[in-house]
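Asks: I am attaching a structure below and will ask some questions about it afterwards.
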């Protein structure tokens with residue numbers, strides 16, 4: 001018998017929830033997938049937001065570097 005881990009406990013709970021939603025096996029699996037997708041979306045949205053913020057910081061740093069280089073050349 002496998003040890004009960006947090007991931008396995010969550011999977012068991014989600015399967016039980018899906019079966020309560022719909023007793024047929026196929027519908028239970030579909031409901032389980034829908035629950036998993038619903039849980040993943042906020043994390044993906046958070047990751048995408050963080051990546052956009054990193055891209056904006058890189059763009060700002062590059063712009064600042066170009067402007068400081070132009071200022072250095074014009075003052076020479």
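In the UniProt record's numbering, the protein residues as written are 1 to 76. C-beta: ideal position from N, C-alpha, C; glycine also.
(1) Here's a check: name, in chain order, each residue in its chain whose Cβ is nearer than 6 Å to the Cβ of residue 54, leaving out the five neighbours to either side.
(2) Rounded to whole angstroms, what is the Cα-Cα separation between residue 63 and residue 72?
(3) Quick one: Cα of residue 76 to Cα of residue 58, how far?
Replies: This is what the structure gives:
(1) None.
(2) 14 Å
(3) 27 Å
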